[in-house]
Every structure is written in structure tokens, then in C-alpha cells.
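If you want our numbering, it's the 1-based position in the sequence shown plus 155.
Ideal Cβ positions, reconstructed from N, Cα and C, are used throughout, including at glycine.
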Amino acid sequence: MHQVVEYLIGIVLIGAAFQVPEPVVPAVMGAVVVMNAAIARGPASAFPLVSRTVHRWLDVVVILLLVAAAFQPVFDVDSTGRLLLCGIAFVMFFIWLNSDFAEKAISKKNKQQVKRARQERLARPQSEELGKKAGRVVGDGVNAAKRMNRKRKEARHEGSARPQSEELGKKAGRAVGSGVNAVKRMNKKRKEADNE
156 MHQVVEYLIG IVLIGAAFQV PEPVVPAVMG AVVVMNAAIA RGPASAFPLV SRTVHRWLDV
216 VVILLLVAAA FQPVFDVDST GRLLLCGIAF VMFFIWLNSD FAEKAISKKN KQQVKRARQE
276 RLARPQSEEL GKKAGRVVGD GVNAAKRMNR KRKEARHEGS ARPQSEELGK KAGRAVGSGV
336 NAVKRMNKKR KEADNE
């Protein structure tokens, strides 16, 4: 945007120069402004010769040249031309103050860091936690089934299989039910995380 504005300022200065009685100095300074914009690296660059950091200081030089050209004694500059050159210098100074001269690579790097941080935030760190919980639930269910089978075998050997088997059946049902409920909760949390 800064480059495009500088192009426009230079073109306006060149165009306005032909409306004043002494057009040489404003026209030359307009060409200097256009060339300064053309040599800086950027999306609207014609000849990308200097970095944005160097361009930042070239802008200061051009602003000082505009003011110096308005009051130099070698070439005649009428009052309209002086006012025009000083006004353009003020506009360029205002644009210079509000411009970001950071290199595009740095901006891309910052954008990539922000994107990576967002992806890490949205990467569902809960998924790893949910996987661990699911593994524990399955492991608990398997262990409960093993304990139930062991108790059933012990009860058969002792001869009183019925009362303990009912109790074991209830415990097994609770273990399986808690496992199913844990999986449902895990799926629900995963869906909520996906929706965020």
C-alpha cells in the first residue's frame, strides 16, 4: 500500500508541476518520488533493488530533498511550486510515520507462527488424553472380566456357584456399562473439541 501511495504522490506531483509557472523542480522531484517507490522491494515494485529497511531511510532522504528543493536558490521555484513541494513532503512524512517497513519474510514467519500456534491449540490435545482414558477403560473391563472368571472358577470349586455368580454378573455388568459410558463420554468430548 505504501508503494502504491508513493507512486500516486509522484504522479500527482508530476501532473501538478505542469500547472505551475516553473515546472522543472516539481517535475524532477515527482520523478524522484516515483523512482524511490519503484526500486523498493514490494508487491508494486518495478525494480526491486533495495530492501524495505533501506527504503525507509530513502523515504527520509526524499522528504528532505522535497523540502530542500522548495527553498533551493539554483532553480526558480514560484510560491505555488514551493507550497506544492512542502505539502507533498508533509504527506510523505505522514505516510512514512504510519507505514510498516518490516520485510515480507518476517511477516510470513509471524503469520506462520500464529497459524502454527492456532493449529496446536485446535489440535485436540484432549485426543491423546481421551485415548489414554479409553485404554484404561478397556483395560479395566478386561481385568474385571478376568477377576469375574477367576471368582466363578473358585465358586465352582467350592460348590456355591449361584450366589456368587449373580454378584459377579452384576459387577461385570457395571464394569461393561461404565466402559460403554466412558466411551460415550470420550466421543462426546471429541465431538465438542471438533466443534470448537
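For residue j and residue i, believed in contact at Cβ under 8 Å, the rounded distance
{"i": "Val-189", "j": "Ile-218", "result": "About 15 Å separates the two Cβ atoms, so there is no contact after all."}
{"i": "Glu-177", "j": "Val-232", "result": "6 Å"}
{"i": "Arg-311", "j": "Leu-323", "result": "Contact doesn't hold; Cβ gap of about 11 Å is too wide."}
{"i": "Arg-211", "j": "Pro-203", "result": "Between Pro-203 and Arg-211 the Cβ distance is about 15 Å, and since that is not below 8 Å, they are no contact."}
{"i": "Leu-285", "j": "Arg-345", "result": "6 Å"}
{"i": "Ile-164", "j": "Ile-243", "result": "6 Å"}
{"i": "Leu-240", "j": "Ala-224", "result": "6 Å"}
{"i": "Val-246", "j": "Leu-220", "result": "At roughly 15 Å, the Cβ-Cβ gap does not stay under 8 Å, so Val-246 and Leu-220 are not in contact."}
Minimum C-alpha distance to residue i - residue among the options
{"i": "Arg-302", "options": "Lys-326, Ile-164, Trp-212", "result": "Lys-326"}
{"i": "Val-215", "options": "Ser-206, Leu-240, Val-205, Trp-251", "result": "Trp-251"}
{"i": "Leu-238", "options": "Phe-248, Phe-226, Phe-230, Phe-256", "result": "Phe-226"}
{"i": "Asp-255", "options": "Val-297, Thr-208, Lys-266, Val-246", "result": "Thr-208"}
{"i": "Ala-199", "options": "Val-331, Met-156, Lys-270, Ala-272", "result": "Met-156"}
{"i": "Ala-171", "options": "Ile-194, Arg-271, Gly-185", "result": "Gly-185"}
{"i": "Val-331", "options": "Glu-347, Asp-295, Asn-304, Glu-309", "result": "Asp-295"}
{"i": "Gln-158", "options": "Asn-342, Gln-174, Ala-348, Ser-206", "result": "Ser-206"}
{"i": "Val-175", "options": "Ser-234, Asn-298, Ile-194, Ala-299", "result": "Ser-234"}
{"i": "Ser-333", "options": "Val-293, Phe-173, Glu-313, Ala-348", "result": "Val-293"}
Residue j beta carbon less than 8 Å from that of residue i
{"i": "Val-183", "j": "Gly-236", "result": "no"}
{"i": "Ala-201", "j": "Glu-161", "result": "no"}
Chain D within 8 Å of residue i, Cβ atoms only
{"i": "Ala-310", "result": "Protein chains in the displayed structure number just one, and chain D is not present."}
Validate contact between the stretch 329 to 349 and the stretch 289 to 298 using beta carbons, cut 8 Å, 3 pairs: The stretch 289 to 298 and the stretch 329 to 349 touch, with three or more beta-carbon pairs separated by less than 8 Å.
Ordered list of alpha helix (DSSP H) runs contained in the stretch 196 to 229, each at least 4 residues: Within the stretch 196 to 229, the complete alpha helix (DSSP H) runs of at least 4 residues are 207 to 226.
Sequence ranges, beta strand (DSSP E) only - wholly within the stretch 299 to 338, length at least 3: If we require 3 residues or more, the stretch 299 to 338 turns out to have no beta strand (DSSP E) run fully inside it.
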